[in-house]
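Heads up: the structure comes next, in structure tokens.
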Amino acid sequence: MLNFRNGIWAALALFCSMFASHPPAGAQPVSDPRPPIAADRLDPPRVRPGHIAVREEFDAAIAAGRREALELFIARHPAESLAEEARRRLEVSP
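Quick note on numbering: the sequence shown equals residues -27 to -1, 1 to 67 in mature numbering (1 follows the signal peptide of the UniProt record, and there is no 0).
Next up, the structure:
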């Protein structure tokens, strides 16, 4: 028969009892049937509306002052109304 007054067994019992009463930080209880919630679901990233992002890209292409920047904008957004403006600017620029 094992004697719990023995040093090793007493230390092992103390060690096990510490973790039985204190689960690790952030751990969900075993009885909780819900799946864990991802961090990005709690605070989702903010997304800009598409037309604002396209306008900012067009403004950046104009600010670059290079023909290649306008051509890249047209290639990325051929159906946008700003692509027509970029095409007009390309026709006028040398």
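Glycine included, every Cβ here is placed at the ideal spot set by N, Cα and C.
Inset, instruction - Over the uninterrupted alpha helix (DSSP H) stretch that includes Ser54, give me the two end residues. - result: For the purposes of this step, residue 54 is taken as the residue at position 81 of the sequence shown. First-last of the alpha helix (DSSP H) with Ser54: 54 to 65.
Legend entry - Asn27 in three-state terms, based on DSSP: Position 54 of the sequence shown, counting from 1, holds the residue named residue 27. Here the sequence assigns Val to residue 27, which means Asn is not the residue at that position. Of the three classes helix, strand and coil, the one that applies to Val27 here is helix, per DSSP.
Inset, instruction - Measure the CB-CB distance between Ser66 and Arg28 and report whether it falls below 8 angstroms. - result: Taking the sequence shown and counting its residues from 1, one reaches residue 66 at position 93. Taking the sequence shown and counting its residues from 1, one reaches residue 28 at position 55. Contact flag unset, no.
Inset, instruction - Please look up how many angstroms separate the CB atoms of Ala59 and Ala34, rounded, as I've assumed it's under 8 angstroms. - result: What you label residue 59 is simply residue 86 of the sequence shown in a count that begins at 1. What you label residue 34 is simply residue 61 of the sequence shown in a count that begins at 1. With 8 angstroms as the limit, Ala59 and Ala34 qualify as a contact, their Cβ atoms being about 7 angstroms apart.
Inset, instruction - Can you tell me which of Ile47, Glu44, Leu55, Leu43 puts its alpha carbon nearest to the alpha carbon of His24? - result: By 1-based counting over the sequence shown, the position of residue 24 is 51. Minimum Cα distance to His24 is reached at Leu55.
Legend entry - Heavy atom of the ligand NAD within 7 angstroms of Gly23 beta-carbon: Absent from the structure shown: the ligand NAD. Ligands present: none.
Inset, instruction - Identify which residue in Arg62, Ala48, Leu(-14) has its Cα closest to the Cα of Gly38. - result: Numbered from 1 along the sequence shown, position 65 holds the residue referred to as residue 38. Of the listed residues, the one whose Cα sits closest to Gly38 is Arg62.
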